[in-house]
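Colleague: Just dropping this structure here.
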Amino acid sequence: GTDTNLDRNNKLLTQIGATYDLGNVKLFAQYEHDGTKADYGVAGSSSYGKKNSALLGLTMPLGPWLLRVGAGWSENANRFAANTVSGRLRQLAFAGDYRLSKRTSWYLAAGWLKGDFGAQGSAEAENSARALSTGIVHLF
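Written as structure tokens, this is what we have:
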């Protein structure tokens, strides 16, 4: 079979992003529009129908810590059209990097994700997830 998801004539992905440095605080914003044709792709996959997404974030040093906060949103722009998969996703994340030395740091991160991904005409199933992670990063 042929994977038509690779057909570039049916897809248009547009992204715009910006960062702004306020001194100690750095802001980040990004917007993305996936202009996949409405009846193109595999129903139920992430490539089916148009999507809009946004991401906001900031970083801020606090002593030996570098604090990070991020929030994201994504929604199928065709969510109410026939034969499309509805879908909405919201996420929030917090992280901190603690410098142990010039090239080594320890990180701690926590995140929350909530989404609904029901098929059109059916009851949407809401799903959520939480995550906590930690680790050490060493730059060689």
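For reference, each letter of the sequence shown is one residue, going 9 to 148 in the numbering used here. Even glycine gets a Cβ: it sits at the ideal position worked out from N, Cα and C.
How big is the Cα-Cα spacing for SER109 and VAL145?
Modeller: Roughly 11 Å between the two C-alpha positions.
Colleague: Nearest CA to the CA of VAL33: which residue from TRP81, ARG76 and TYR115?
Modeller: Among TRP81, ARG76 and TYR115, the Cα nearest to that of VAL33 is on ARG76.
Colleague: Out of LEU30, ASN60 and GLU83, which has the shortest C-alpha to C-alpha gap to GLY95?
Modeller: Answer by Cα proximity: GLU83.
Colleague: For ALA152, which residues in the same chain have their Cβ closer than 6 Å to its Cβ, ignoring the five residues on either side in sequence?
Modeller: No statement about residue 152 is possible, as the shown extent of the chain runs from 9 to 148 and does not include it.
Colleague: Are the C-beta of ARG107 and some C-beta of chain B separated by less than 8 Å?
Modeller: In the structure shown, chain B cannot be found, because there is only a single protein chain.
Colleague: Kindly identify the DSSP beta-bridge partner or partners of ARG98.
Modeller: DSSP lists TRP81 and LYS122 as partners of ARG98.
Colleague: Taking only three categories from DSSP, how would you classify SER54?
Modeller: Because SER54 sits at a pLDDT of 47, beneath the cut-off of 50, its placement in the model cannot be relied upon, and the following sentence gives the value as read from the coordinates. Coil.
Colleague: Quick one: what does DSSP say ARG111 is sitting in, helix, strand or coil?
Modeller: Coil at ARG111, not helix or strand.
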